[in-house]
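Novice: A single structure is presented below for examination.
In our numbering, the protein residues as written are 25 to 229.
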């Protein structure tokens, strides 16, 4: 681009946006309203490009008195392409410009500062007059009442599973159990005597 356009009138409220991609893959987008923006491998730079093909301080953008940013290669080892041309110094206008630094591509645009267009979000005196400020004791009381309502709602819920009573185990009286065992023993003795006499009778015959 011709540097003659730098004599145009400044553009107040314009910001510098830099979109960075690596091998065509978008990495980050940053916006600046400062006078000097440094690009390089140094972590202290405004736009950090972590690659050995990038110099520590590779290039800089600088806001000039006309309101436009200039971009200057800072004597980098591998150089910079600006709109496919070797860069020494040029200017960024409202249109999109493309910088190539090794495998990195930087799309640079000037954008409007929308912060100046946003309405004042500060509360009006009328809104402040309607604002109620609660004391610590009032806040504590409200919290306790809310907790009591939660507890009451939980206790009022029906039980998830009905309680099933187990049938009582019937236990025989101790006397009845003893009589049963005694009767069984006597029957066994009688059966034994009868068997013994039957055998003796058979042998005698």
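Note that CB positions come from ideal geometry on N, CA and C, so glycine has one too.
#1: Between residue 40 and residue 168, what straight-line distance do the alpha-carbon atoms span, to the nearest angstrom?
#2: Please classify residue 42 as buried or exposed, where buried requires at least 16 other C-beta atoms within 10 Å of its C-beta.
#3: Can you name the residues that DSSP bridges to residue 124?
#4: Distance, Cα to Cα, residue 106 vs residue 72?
#5: Applying the criterion that 16 or more other CB atoms from any shown protein chain within 10 Å of the CB defines a buried residue, is residue 205 buried or exposed?
#6: I need the straight-line Cα distance from residue 101 to residue 128, nearest angstrom please.
#7: By DSSP, does residue 40 sit in helix, in strand, or in coil?
#8: From what residue to what residue does the beta strand (DSSP E) around residue 50 run?
#9: Using only alpha-carbon positions, find the residue among 67, 219 and 131 that is nearest to residue 95.
#10: Alpha carbon to alpha carbon, how far is residue 225 from residue 216? Give it in angstroms, no decimals.
#11: Could you have a look at residue 92 and say whether DSSP puts it in helix, strand or coil?
#12: Using CA atoms only, rank isn't needed, just tell me which of 67, 117 and 221 is closest to residue 88.
#13: By the DSSP assignment, the beta strand (DSSP E) with residue 114 in it spans what residues?
#14: Going by other Cβ atoms of all chains shown within 10 Å of its Cβ, with 16 needed for buried, is residue 214 buried or exposed?
Specialist: With the structure as the only source:
#1: When rounded, the distance between both Cα atoms is 53 Å.
#2: The residue in question, residue 42, is buried, as its Cβ has 16 or more Cβ neighbours within 10 Å.
#3: Answer by DSSP bridge pairing, in chain order: 105 and 129.
#4: Here the C-alpha atom of residue 106 lies approximately 18 Å from the C-alpha atom of residue 72.
#5: Label assigned to residue 205: exposed.
#6: Those two C-alpha atoms are separated by around 15 Å.
#7: The answer is strand: DSSP assigns residue 40 an E or B state.
#8: Per DSSP, residue 50 is one residue of the beta strand (DSSP E) stretching across 49-56.
#9: It is 131.
#10: For residue 216 and residue 225, the distance between alpha carbons rounds to 14 Å.
#11: Looking at residue 92 - three-state DSSP - the assignment turns out to be coil, as it is neither helix nor strand.
#12: If you compare the alpha carbons of 67, 117 and 221 with that of residue 88, the shortest gap goes to 117.
#13: Where residue 114 is concerned, the enclosing beta strand (DSSP E) stretches over 113-116.
#14: Around the CB of residue 214, fewer than 16 other CB atoms lie within 10 Å, so the residue is classed as exposed.
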